[in-house]
Every structure is written in structure tokens, then in C-alpha cells.
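Written below as C-alpha cells is the structure these notes are about.
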């Protein structure tokens with residue numbers, strides 16, 4: 062038989078202890094926010110529900126204002142004919158092309174200006190005594206070629222004289238050929254004229270003979 066449970070243990074009621082009084086006498090609103098002791102009811106902070114409702118009203122007004130122009134724009138677009146929409150698209154395309162061409166022209170102009178403003182490299186003429194043997198030979202060859210080209214342009218070189226003589230012969234041959242063709246043409250024209258004269262004389266003779274026979278036949282009657 063179990064022993065009777067005594068009064069000790071964790072179920073023993075506690076006795077005494079200090080009394081618990083409210084030490085915070087500051088009033089609170091319905092959301093638990095602290096209020097001043099002398100705060101007027103009109104100064105109450107709006108609750109979160111009121112803030113949400115007012116923000117929803119503001120957003121609805123903004124949506125209504127934003128929807129107004131778009132609705133009118135859609136109505137205006139619906140009123141446009143297919144031809145007007147095509148013209149508007151064509152005008153936009155031409156405007157974009159004009160802007161692109163203008164930008165490209167400005168870029169080319171800027172590049173040209175930069176090239177013109179860029180300093181030109183100066184030719185550095187070195188002293189001949191400071192040149193190497195290979196550099197001196199190259200310089201002398203270049204100078205000799207420049208002198209030859211100058212004399213050739215003036216017709217003072219053997220090659221230039223030979224070229225001039227050959228050109229003279231070619232011109233004479235062309236002139237002789239032209240004169241020969243002209244003489245042949247005149248001869249052909251003269252022969253054609255003589256043939257035409259002979260044909261006309263023969264025809265005239267035949268007509269005269271025919272007329273004579275006609276006259277003789279009339280006299281016999």
C-alpha cells in the first residue's frame with residue numbers, strides 16, 4: 062500500500078511574497094503605443110490600418126490619374142487610319158535616319174579636324190658623314206634617279222630622245238595614212254560622179270531615140 066503523499070514537494074503552495082503593483086502608469090493606445098499623460102484625443106497617432114487605407118486610396122488615385130492619359134491615347138490610336146499609322150511610322154524612320162546621318166557626319170568632321178590638328182612629323186636630315194655606307198649608297202642612288210627623271214622630263218636623256226624620235230615617226234605615219242585615205246576617198250567620189258554622169262547620158266540618149274521612133278511612126282500614118 063503506497064505511503065500517503067505529504068505536503069512537501071513541488072506542489073507545495075508558496076506563502077507570503079511581496080504584492081505586485083503596476084509601476085507603469087503611462088497610458089497606451091489600442092496598438093500599445095505610449096501616450097502622454099496630457100495628450101489630447103485629436104493628437105492620437107493613426108493606426109496601421111488607417112495608414113494602409115489612406116495609402117491604398119492614394120495609390121488608387123494615382124492609378125486613376127495614370128490610366129486616364131493611356132486610355133485616351135489608346136482611343137486616339139484606335140481612331141487613326143492605317144494610312145496615318147503608316148505615315149507616322151515612315152516619319153519616325155526618316156527622323157531616325159536623319160539623326161544617324163547627322164551623327165555620322167559630325168563624327169567624320171571631328172576625325173578630319175583631329176587629323177588636320179595633329180602635328181606633322183618633321184623630316185630629320187642627318188649629316189652625310191654620320192650615315193653608314195649602305196645609307197650613303199641608298200641616298201646617292203635616290204639622288205641619281207631624281208636627276209635622271211628631271212632630265213628625262215626635259216627630253217635631255219638618250220631614252221627621252223629615242224622616245225621623241227619614235228613619237229615623231231608615229232605622227233608622220235599617221236599623217237601619211239590620213240592623207241592616203243583622204244585621196245582614196247576623193248578618187249572614189251570622182252569615179253562615182255563619172256558613173257552617174259555616164260548613166261544619165263545613156264538614159265538621155267535612150268529617151269531621145271525613143272522619141273525619134275515615135276515621130277517617124279506618126280509621119281508614116
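Residue numbers (this note's numbering): 62 to 282.
The C-beta atom is built at its ideal place from N, Cα and C for all residues, glycine as well.
Taken through DSSP and simplified to helix, strand or coil, residue 94 comes out as coil. Taking 4 residues as the minimum length, the alpha helix (DSSP H) runs contained wholly in the region 175 to 245 are 194 to 214, in order along the chain.
Residue 222 is positioned such that its CB atom lies closer than 8 Å to that of residue 216.
Between residue 225 and residue 218, the gap from beta carbon to beta carbon reaches 8 Å or more. Under the three-state reduction of DSSP output, residue 141 falls in the coil class, being neither helix nor strand.
No Cβ-Cβ contact shorter than 8 Å links residue 210 with residue 200.
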